[in-house]
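Asks:
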Amino acid sequence: MYKVSKNIKIFSLTLMVIGALGLGFSFYSAPKTIEQAKEMVADSHSDDHQKVESQISEETHAIDDSHSSSGAHNEEGAHSSSHDEHLLHYLQNRPWSALYVAALFFMFLSLGTLAFYAIQRASQAGWSPLLFRVMEGITAYLLPGTLIILVILILSSLHLNHLFVWMDPEVVAHDKIIQGKVGYLNSPFLIARAIFYIAGWNFYRYISRKYSIAQDNSSDISNHTKNFKWSAGFLAFFIVTESMMSWDWIMSVDPHWFSTLFGWYVFASMFVSGITTIALITIYLKSKGYLEKVNHNHIHDLGKFMFGVSVFWTYLWFSQFMLIWYANIPEEVTYFITRIEDYNFPFFGMIVLNFIFPLLLLMNSDYKRVNWFIVMTGIIILIGHYVDVFNMIMPATVGDQWYFGIPEISGISFFAGLFIYVVFNSLAKAPLEPSGDPLIKESEKFVY
Amino acid sequence: MADKILHAVYDDDDKLMDAVKDLRSSNFSIDEVYTPFPVHGLDKALGLKPTRLAILSFIYGCIGFCFAIFMMNYIMIVDWPQNIGGKPSFSFIENLPSFVPIMFELTVFFAAHLMVITFYLRSKLWPFKEAENPMPSTTDDKFLIEIKFNGDGKALKAAVKKTDVLEVKIIDNKESN
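Residue numbers (the numbering used here), protein chains in the order written: chain A, 1 to 448; chain E, 1 to 177.
(1) Name the DSSP beta bridge partners of aspartate 172 (chain E), please?
(2) Please give me, in chain order, every unbroken run of the alpha helix (DSSP H) with length at least 4 that falls completely inside the stretch 218-265 of chain A.
(3) Give the range of the beta strand (DSSP E) segment to which isoleucine 145 (chain E) is assigned.
(4) Output the distance between the C-alpha atoms of serine 426 (chain A) and asparagine 364 (chain A), rounded to the nearest integer angstrom.
(5) From the DSSP output, which residues share a beta bridge with tyrosine 315 (chain A)?
(6) Please compile the residues from chain A whose C-beta is within a distance smaller than 8 Å of the C-beta of glycine 47 (chain E).
(7) Any beta carbon from chain E within less than 8 Å of asparagine 328 (chain A)'s own beta carbon?
(8) Tell me where the alpha helix (DSSP H) around valine 165 (chain E) begins and ends.
(9) Would you check if the stretch 354-372 of chain A and the stretch 404-416 of chain A touch, i.e. whether three or more CB-CB distances between them fall below 8 Å?
(10) Between asparagine 133 (chain E) and glycine 41 (chain E), what straight-line distance do the alpha-carbon atoms span, to the nearest angstrom?
(11) Give me the Cα-Cα distance between isoleucine 207 (chain A) and alanine 430 (chain A), rounded to the nearest whole angstrom.
(12) Kindly indicate which residue of A:Thr225, A:Ile10 and A:Ser231 has the alpha-carbon position closest to the one of glutamine 120 (chain A).
(13) Would you report the Cα separation of glycine 112 (chain A) and alanine 20 (chain A), rounded to the nearest angstrom?
(14) Write down the C-beta distance between tryptophan 166 (chain A) and serine 252 (chain A) rounded to the nearest angstrom, noting that I regard them as a contact closer than 8 Å.
(15) Run the CB neighbour count on valine 447 (chain A), radius 10 Å, all protein chains shown included, and call it buried at 16 or more, exposed below.
(16) Does the distance from the C-beta atom of serine 273 (chain A) to that of leucine 362 (chain A) stay below 8 Å?
(17) Under 8 Å between C-beta atoms, does serine 98 (chain E) make it to chain A?
(18) Could you tell me the distance, in whole angstroms, from the CA atom of glycine 449 (chain A) to the CA atom of isoleucine 374 (chain A)?
(19) Closer than 9 Å, Cβ to Cβ, to anything on chain A: give me those residues from the stretch 61-92 of chain E, in chain order.
(20) Quick one: grab the DSSP three-state call for histidine 67 (chain A).
(21) If we define contact as Cβ-Cβ less than 8 Å, is methionine 322 (chain A) a contact residue for chain E?
(22) With 8 Å set as the bound, which would you pick, yes or no: does the beta-carbon of isoleucine 63 (chain A) sit closer than that to a beta-carbon of chain E?
(23) Check this for me: beta carbons of valine 168 (chain E) and alanine 2 (chain E), under 8 Å apart or not?
(24) Cβ of threonine 60 (chain A) less than 8 Å from any chain E Cβ?
(25) Using 8 Å as the Cβ pair cut-off and three pairs as the minimum, do the stretch 261-272 of chain A and the stretch 233-252 of chain A touch?
(26) Quick one: measure Cβ to Cβ for proline 255 (chain A) and isoleucine 178 (chain A), integer angstroms, because I've assumed they're closer than 8 Å.
(27) Grab the span of the alpha helix (DSSP H) containing tyrosine 60 (chain E) for me, first residue to last.
(28) Contact defined as beta carbons within less than 8 Å: I believe serine 98 (chain E) pairs with isoleucine 84 (chain E). What is the distance between those atoms, to the nearest angstrom?
(29) With 8 Å as the threshold, decide whether the Cβ of phenylalanine 414 (chain A) is near any Cβ in chain E.
(30) With burial defined as no fewer than 16 other Cβ atoms inside 10 Å of the residue's Cβ, what is the status of tyrosine 211 (chain A): buried or exposed?
(31) Can you list, in chain order, the residues of its chain with a C-beta nearer than 7 Å to that of aspartate 14 (chain E)? Leave out the 5 residues immediately preceding and following it.
(32) Any Cβ of chain E within less than 8 Å of the Cβ of tryptophan 317 (chain A)?
(33) Which residue comes first and which comes last in the alpha helix (DSSP H) that contains glutamate 32 (chain E)?
(34) With H, G and I counted as helix, E and B as strand and the rest as coil, what does DSSP make of isoleucine 329 (chain A)?
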């Protein structure tokens with residue numbers, strides 16, 4: 001039996017307290033009025049913006065002169081006031097977005113692991129049963145993680161933030177494209193769908209954990225067989241709900257834009273981060289003297305998955321990017337134009353972190369058997385996929401007003417603390433070795 | 001040079017593996033094993049060195065990658081500048097996304113083909129080469145261990161007989177004459 005060490009408890013609680021304080025501060029310091037927002041931007045930015053603005057206004061003046069109509073001036077005035085309102089919304093959204101991005105990212109670790117776990121169960125894999133309890137520990141975070149997201153979604157639909165522009169009736173009134181999607185994109189239906197996904201995933205996690213524990217002390221393999229059936233069923237349920245979840249919770253922040261492979265893309269991201277988390281926690285537990293039957297063969301297999309799914313993620317990312325870039329259709333390509341212009345560094349930096357690093361570091365077979373190599377690459381992959389989620393949400397919610405500062409760091413800190421606390425407490429609740437699993441012998445003897 | 005060859009035939013890959021381990025642990029050196037399919041772990045049991053083909057494959061892939069960059073740059077940018085996707089920038093880096101699939105394909109193409117050619121050269125294989133296996137049924141369901149030896153080989157025969165062997169044959173080594 002694993003016992004949560006005091007250090008872990010203190011560490012996770014500290015992270016949570018720091019994160020909560022930081023988030024509280026960023027909510028408190030977000031601007032309340034347009035004037036405050038303008039002031040904040042004027043303070044924090046250099047005069048580059050003003051130069052650009054004056055250039056633009058000169059150009060518009062030149063056009064105005066050629067038309068010499070007084071109506072144009074009025075329009076311009078209206079335009080700049082709506083720009084200020086945008087600015088206010090962006091700045092007000094920032095703490096919310098930071099909270100949402102971190103909540104999504106840590107929930108994805110757990111959901112990706114749950115999918116991986118279900119695949120191991122459904123395929124009756126022989127190498128992985130020794131790691132089942134680690135995976136079950138990570139998926140324990142699914143319930144709190146998904147409930148937090150549900151709460152954020154409910155708060156959004158109560159108009160407490162502007163994460164989802166399509167929830168604003170005034171925006172919808174002036175937007176023909178969103179009007180056409182109202183049948184799907186409306187708050188009650190969104191919440192109902194979210195409850196449906198969350199209930200389904202957590203039900204599988206509950207039932208599978210129950211059978212897994214029951215199998216430890218049972219004389220036949222009936223629990224194992226039931227687990228197999230539930231897992232196969234869950235995978236079918238998961239791939240549909242995961243895809244819809246990615247449209248609802250992520251893609252709809254840009255309600256004009258759509259991509260048909262977005263669900264797969266999000267899945268690849270959560271899958272590789274989930275597998276990486278399994279590897280990191282396994283190596284941590286091994287370093288503390290637990291899981292003595294897990295050896296470098298198992299780490300090697302996790303490393304292969306990290307390598308393979310990183311490449312798979314890149315394949316999907318690129319497939320999505322290249323078609324839209326090549327076709328250059330205005331309503332599609334704006335998605336990438338905002339990212340390349342305003343988010344150049346995180347957008348392209350993420351490719352380096354998520355593709356180049358894992359590709360080069362994990363290509364060699366021997367490197368996948370070295371623990372510190374897996375840990376180092378794993379940390380890079382996790383950072384890269386946080387940035388991936390960041391790039392999915394931020395451009396739509398905070399636009400060019402993004403910055404990696406107190407809200408983002410405290411968001412990560414809070415959810416990392418909660419994640420560590422929940423996961424390690426769950427690991428301590430059951431023996432770390434599923435001794436009754438019929439495939440445990442195969443897993444022990446496993447040589448890659 | 002050894003003047004005699006012993007052929008030990010097995011009908012199961014597990015029996016073969018056990019025999020290989022037994023013979024090697026009693027210090028007989030096995031010259032060759034013929035199997036109808038790749039037996040998992042046999043290379044380790046035989047004490048073969050790990051293949052260096054993987055390193056070559058990486059190098060070949062890099063060559064293909066560089067060749068693709070050179071080729072696309074020459075064809076699409078230098079020799080006959082192309083308007084790609086309605087973006088007539090005529091710059092390699094700005095049109096990079098449309099070249100990535102070709103870079104990928106040529107990396108795989110070079111790595112795969114050059115690796116096969118290397119493997120052929122290294123194993124002295126070529127098209128229409130006559131098969132060297134001493135017993136045709138090793139391409140069907142039999143496993144064969146080949147050991148070359150000198151003298152009467154009593155100890156060797158006894159050791160082979162101790163394993164779960166189907167058939168033992170001793171023939172003259174034609175190459176040594």
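Ideal Cβ positions, reconstructed from N, Cα and C, are used throughout, including at glycine.
Keep in mind the model is a prediction, meaning the values are calculated, not measured.
Replies: A quick look at the data gives this:
(1) E:Lys4
(2) 222-245
(3) 143-149
(4) 34 Å
(5) BP columns for tyrosine 315 (chain A) are empty, so no partner.
(6) Within chain A, no residue comes near glycine 47 (chain E); the closest Cβ sits about 16 Å away, beyond 8 Å.
(7) yes
(8) No alpha helix (DSSP H) holds valine 165 (chain E); DSSP gives it neither H nor E.
(9) no
(10) 21 Å
(11) 15 Å
(12) A:Ser231
(13) 25 Å
(14) 6 Å
(15) exposed
(16) no
(17) yes
(18) Since the first and last residues shown for chain A are 1 and 448, residue 449 (chain A) lies out of range.
(19) Ile84, Gly85, Gly86 and Lys87
(20) Caution is warranted here: a pLDDT of 44 is assigned to histidine 67 (chain A), below 50, making its placement in the model unreliable, and the coordinate value is therefore given only provisionally. Of the three classes helix, strand and coil, the one that applies to histidine 67 (chain A) here is helix, per DSSP.
(21) yes
(22) Here the model assigns isoleucine 63 (chain A) a pLDDT of 43, short of 50, so the residue's position is not dependable and the matter cannot be decided.
(23) no
(24) With a pLDDT of 45 at threonine 60 (chain A), under the threshold of 50, the predicted position of this residue should be treated as unreliable, though the coordinate-derived value follows. Answer no: the Cβ-Cβ gap between threonine 60 (chain A) and chain E never drops below 8 Å.
(25) yes
(26) 5 Å
(27) 53-72
(28) 5 Å
(29) no
(30) buried
(31) none
(32) no
(33) Premise fails: glutamate 32 (chain E) lies in the beta strand (DSSP E), 32-34, not in any alpha helix (DSSP H).
(34) coil
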